[in-house]
Amino acid sequence: MSLDPAALQQILLKSGSIKPEELNKWAEEAKSNKRDLGSVLVEEKLLTLEQLGGILAKYFQVPFVDLIDKDIDQEALEQIPPEVAKRRRVICFRSDPKEGLSIATDDPQANRLFVQLLAKKNGKQAQILYTTGASIDQALTHYTVNFQKYFERFLRDDDSFVIRTTVHDPPVKKLVDQLVEVAHDQNASDIHIEPREDDFLVRFRIDGMLHDIFTLPKYLLDRVVTRIKVLSRLRTDQHLAAQDGKMTMMINDDRLDLRISIIPVAEGEKVVARLLTSKARSYSLEDLGFGEKDLERITNAYKQSYGMILTTGPTGSGKTTSMYSVLKLVNTRELNITSIEDPIEYRLPGANQVQVNVKTNLTFADGLRSLLRQDPDVIFVGEIRDNETASIAVNAALTGHLVLSTLHTNNAATTLPRLFDMEVEPFLVASTVRVIIGQRLVRKICAHCQEEERLSAADLAKRLFIDKMPANIDVKTGKVSVFKGKGCRFCHQTGYLGRIGIYEVLSISKTIRDLVTKRADSDQIHEQAVKEGMTTMFEDGVQKVLQGMTTIEEVLRVTRTDEIK
7 MSLDPAALQQ ILLKSGSIKP EELNKWAEEA KSNKRDLGSV LVEEKLLTLE
57 QLGGILAKYF QVPFVDLIDK DIDQEALEQI PPEVAKRRRV ICFRSDPKEG
107 LSIATDDPQA NRLFVQLLAK KNGKQAQILY TTGASIDQAL THYTVNFQKY
157 FERFLRDDDS FVIRTTVHDP PVKKLVDQLV EVAHDQNASD IHIEPREDDF
207 LVRFRIDGML HDIFTLPKYL LDRVVTRIKV LSRLRTDQHL AAQDGKMTMM
257 INDDRLDLRI SIIPVAEGEK VVARLLTSKA RSYSLEDLGF GEKDLERITN
307 AYKQSYGMIL TTGPTGSGKT TSMYSVLKLV NTRELNITSI EDPIEYRLPG
357 ANQVQVNVKT NLTFADGLRS LLRQDPDVIF VGEIRDNETA SIAVNAALTG
407 HLVLSTLHTN NAATTLPRLF DMEVEPFLVA STVRVIIGQR LVRKICAHCQ
457 EEERLSAADL AKRLFIDKMP ANIDVKTGKV SVFKGKGCRF CHQTGYLGRI
507 GIYEVLSISK TIRDLVTKRA DSDQIHEQAV KEGMTTMFED GVQKVLQGMT
557 TIEEVLRVTR TDEIK
């Protein structure tokens, strides 16, 4: 939304749609998390999108239109070039021979003259309408439904790509900027640039899966790679060795940090860029998919003044996001929250975040040792990678600090023996660890194209490759509903849009503490945790299948059925 937050607050105040104290509260929340106030109010169900749009359309004295989930005619869309539409946040969503052009924007005041000039250029009438920022964001995705055509048109519209050769020329800069911007718009976590014999392939990792996006001519590869090297402060004359770097770009007021890895392969240099947004995330544990019972166990752990909360899972399973959500709950002015991370994935207002820097010998262990001299109450260690870090973290938890961290293990129970392997004494592990969260990420079914399928409990068990449904999953007699996505433009024909976590939360009871002290193996610990009511990741996944959040195939992809004891 292009309105100044203070102006929006005044408009909503005058409308009388929200109580002043509620409005002030959420305005502060939006400001502290650098989020749009209107989006926050809609998320908190204080206003519907239609109510918000109606209030602002009345203020701008134009009609309101909601473009969410609306198909837009391609001929109308092409009345405005994509780069202009994104920059000005305008969408031509209808072109009628009699009524002319219908153009929506979230800032009618700033775009009135633009719409008048566009109408004059096309020799048609043009009507300007107000729509919400979320509506504009979704409508802009129509431009990139076919990425190959989008970038072919991008190159065709600027034939200087053929004749210019330096990486500082506007066309090459524009191509790299556009590539990153499209990846950001598609919520990609990684960009892969892969050279082939006659061209090069660009792939995005979206929701944990790699997708072929488009190909570009081979003559552009060296220029694109060199431009990335310049931005990342890497050697442009080195083509036969691996290089790692980082760069920063601004996209729609969002600072995007990119971690760059370049390696030589047979056909040229391959680039992988990891995208990290600096915007504060406001995910709650409920938003991440934690159930009521698991939330209670986590709450009991973080309300204690000392001890360890650990999250475990493979790379890219959402461990850091879970830890940030817990940190957000303990983030008060009365506490000193410090972290040592590699990289700093999200900015957390009020916390003192330290970036690991191996070149200056600022490792996890050295950084953690220094943080302990900063009078911390809560410490977040991005990852426990070695024996030294594990030892310092456990001792910090013993001496009155709440320590949060992540490890790489298969499930919650295997975390405890892993700490033994790091030479942490069992009695220290038993005394400090409060709760362990095991997790995976599964793709969510696209809400725009989901289809229902009815299955019996027996058929569901067969599809899950188990003999019968787990006892703690309530499957009523008769048929149950499961869902899948058939594929549409919103999910790029995959049937999935977004991700959600599946979890197991192992709380350290007295019995489990005794097992830890005796160096029990992970199977014994897991078995006891299940007896005490722990829901395994597999079971949590099945519950989310029955709730219509994900598919059977996704749960099987990320879990093993032998987790059911």
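7 is the number of the first residue of the sequence shown in the numbering used here; add one for each residue after it.
Every residue, glycine too, gets a C-beta built ideally from N, C-alpha and C.
- request: Would you kindly check if the distance between the Cβ of residue 399 and the Cβ of residue 314 is under 8 Å?
  value: Numbered from 1 along the sequence shown, position 308 holds the residue referred to as residue 314. Numbered from 1 along the sequence shown, position 393 holds the residue referred to as residue 399. Closer than 8 Å, so yes.
Requested in this report: Taking the CB atoms as reference points, tell me whether residue 409 and residue 441 lie closer together than 8 Å.
Outcome: One-based indexing of the sequence shown puts residue 409 at position 403. One-based indexing of the sequence shown puts residue 441 at position 435. Contact flag unset, no.
Cβ of residue 509 within 8 Å of Cβ of residue 480?
-> Counting from 1 along the sequence shown, the entry for residue 509 is found at position 503. Counting from 1 along the sequence shown, the entry for residue 480 is found at position 474. Not in contact: residue 509 and residue 480 (Cβ atoms no closer than 8 Å).
| query | Nearest to residue 459 by CA position, among 485, 339 and 561, is which residue? | reply | Locating residue 459 in the sequence shown gives position 453, where the first residue counts as 1. Minimum Cα distance to residue 459 is reached at 485.
*asked:* Could you compute how far the alpha carbon of residue 379 sits from the alpha carbon of residue 425?
replied: Here the question's residue 379 lines up with position 373 in the sequence shown. Here the question's residue 425 lines up with position 419 in the sequence shown. Between residue 379 and residue 425, the C-alpha separation is close to 24 Å.
Classification of residue 140 by the beta-carbon crowding that lies within 10 angstroms, buried from 16 upward: Walking along the sequence shown from the start, residue 140 turns up at place 134. Classification of residue 140: buried, given that the 10 Å Cβ count is 16 or more.
Unbroken beta strand (DSSP E) run spanning residue 448, endpoints
Indexing the sequence shown from 1 puts residue 448 at position 442. Its beta strand (DSSP E) spans residues 439-451.
Inside the region 38-118 only - beta strand (DSSP E) runs reaching at least 3 residues | 96-102 and 106-111
Below 8 Å, can you find three or more Cβ-Cβ pairs linking the region 228-248 to the region 527-539?
no
Exposed or buried, what is residue 225 when buried is set at 16 or more other beta-carbons lying within 10 Å of its beta-carbon? The count along the sequence shown starts at 1 and reaches residue 225 at position 219. Result: exposed.
So residue 111 and residue 134 are in contact, right, with Cβ under 8 Å, and what is the actual spacing, rounded? The residue labelled residue 111 in the question sits at position 105 within the sequence shown. The residue labelled residue 134 in the question sits at position 128 within the sequence shown. With a Cβ gap of about 7 Å, residue 111 and residue 134 count as contacting.
- [ ] Find out if the Cβ-Cβ distance for the pair residue 264, residue 280 is shorter than 8 Å.
- [x] Counted from its first residue, the sequence shown places residue 264 at position 258. Counted from its first residue, the sequence shown places residue 280 at position 274. Yes, the pair counts as a contact, with Cβ atoms nearer than the cut-off.
Straight-line Cα distance separating residue 129 from residue 102:
As a working note, residue 102 is residue 96 in the sequence shown. As a working note, residue 129 is residue 123 in the sequence shown. Those two C-alpha atoms are separated by around 12 Å.
- Query: Among residues of its own chain, excluding the 5 on either side of residue 523, which ones have a beta-carbon nearer than 8 Å to its beta-carbon?
  - Reply: Working through the sequence shown from its first residue, we reach residue 523 at position 517. If we look at residue 523 and ignore the five residues flanking it on each side, its Cβ neighbours are 432, 433 and 436.
Fill in: Backbone CA spacing between residue 310 and residue 358 [nearest angstrom]
Walking along the sequence shown from the start, residue 310 turns up at place 304. Walking along the sequence shown from the start, residue 358 turns up at place 352. Whole-angstrom Cα-Cα distance: 21 Å.
> Of the choices 144, 333 and 230, whose alpha-carbon is the least far from that of residue 353?
Replying inline: Counting from 1 along the sequence shown, the entry for residue 353 is found at position 347. Selected option, being the one with the closest Cα: 333.
- Query: Pairing CB atoms from the region 490-500 with CB atoms from the region 450-458, are three or more of them under 8 Å?
  - Reply: yes
Check: Is it true that the CB of residue 373 sits closer than 8 Å to the CB of residue 364?
Finding: As a working note, residue 364 is residue 358 in the sequence shown. As a working note, residue 373 is residue 367 in the sequence shown. No. Outside cutoff.
Who are the near neighbours of residue 350 in its chain, counting only those whose CB is closer than 6 Å to its CB and skipping five residues on each side?
Taking the first residue of the sequence shown as position 1, residue 350 is located at position 344. Cβ within range, chain order: 359 and 361.
Rounded separation between residue 1 and residue 48 - CA only:
Limits of the chain in this structure are 7 at one end and 571 at the other, which puts residue 1 out of reach.
*asked:* Check for me: the alpha helix (DSSP H) holding residue 373 runs from which residue to which?
replied: Against the sequence shown, residue 373 aligns to sequence position 367. Its alpha helix (DSSP H) spans residues 370-377.
### C-alpha gap between residue 80 and residue 105, whole angstroms
Taking the sequence shown and counting its residues from 1, the one referred to as residue 80 is at position 74. Taking the sequence shown and counting its residues from 1, the one referred to as residue 105 is at position 99. Roughly 17 Å separates the two Cα atoms.
| message | If you follow the alpha helix (DSSP H) that residue 248 is in, where does it begin and where does it stop? | response | Position 242 of the sequence shown, counted from the first residue, corresponds to residue 248. Where residue 248 is concerned, there is no enclosing alpha helix (DSSP H), given that its DSSP letter is neither H nor E.
Original post:
Which of the three DSSP states, helix, strand or coil, is assigned to residue 229?
Top reply: Taking the first residue of the sequence shown as 1, we reach residue 229 at position 223. Helix, per DSSP.
### Message
Check this for me: beta carbons of residue 233 and residue 182, under 8 Å apart or not?
### Response
Working through the sequence shown from its first residue, we reach residue 233 at position 227. Working through the sequence shown from its first residue, we reach residue 182 at position 176. Cβ distance < 8 Å, so residue 233 and residue 182 count as in contact.
Considering only their Cβ atoms, is the gap separating residue 43 from residue 11 smaller than 8 Å?
Translated into positions along the sequence shown, residue 11 becomes position 5. Translated into positions along the sequence shown, residue 43 becomes position 37. The answer is yes: Cβ separation under 8 Å.
inquiry  = Please classify residue 171 as buried or exposed, where buried requires at least 16 neighbouring CB atoms within 10 angstroms.
reply    = Working through the sequence shown from its first residue, we reach residue 171 at position 165. Only weak support is given to the placement of residue 171: the predicted model assigns it a pLDDT of 48, under 50, and the value that follows is read from those uncertain coordinates. Classification for residue 171: exposed.
Within the continuous alpha helix (DSSP H) that includes residue 22, where are the two ends? For the purposes of this step, residue 22 is identified with residue 16 of the sequence shown, where counting begins at 1. Where residue 22 is concerned, there is no enclosing alpha helix (DSSP H), given that its DSSP letter is neither H nor E.
* Identified DSSP bridge partners for residue 194 -> One-based indexing of the sequence shown puts residue 194 at position 188. DSSP output for residue 194 lists 212 as bridge partner(s).
My parser needs the alpha helix (DSSP H) runs of 4 or more residues fully inside the region 296-353; what are they?
298-308 and 325-336
Exercise. If we count the other Cβ atoms within 10 Å of its Cβ and call it buried at 16 or more, is residue 335 buried or exposed?
Worked result: Here residue 335 is taken as the residue at index 329 of the sequence shown, counted from 1. Answer is exposed; the Cβ neighbour count stays below 16.
Have a look at residue 368 and residue 157 and give me their C-alpha separation to the nearest angstrom.
-> On the sequence shown, position 362 is the one that residue 368 refers to. On the sequence shown, position 151 is the one that residue 157 refers to. Computed Cα separation, rounded: 42 Å.
**Prompt:** Can you list, in chain order, the stretches of the beta strand (DSSP E) that have 3 or more residues and sit fully within the region 468-549?
**Reply:** 485-491 and 502-513
What does the alpha-carbon distance come out to for the pair residue 305 and residue 506?
By 1-based counting over the sequence shown, the position of residue 305 is 299. By 1-based counting over the sequence shown, the position of residue 506 is 500. Roughly 20 Å separates the two Cα atoms.
_Which residues does DSSP list as the beta-bridge partners of residue 217?_
In the sequence shown, residue 217 corresponds to position 211, counting from 1. For residue 217, which the question treats as bridged, DSSP gives the partners 210.
- [ ] Go through the region 391-443 residue by residue and report every complete run of the alpha helix (DSSP H) that reaches 4 residues or more, in order.
- [x] 393-404, 421-427 and 432-438
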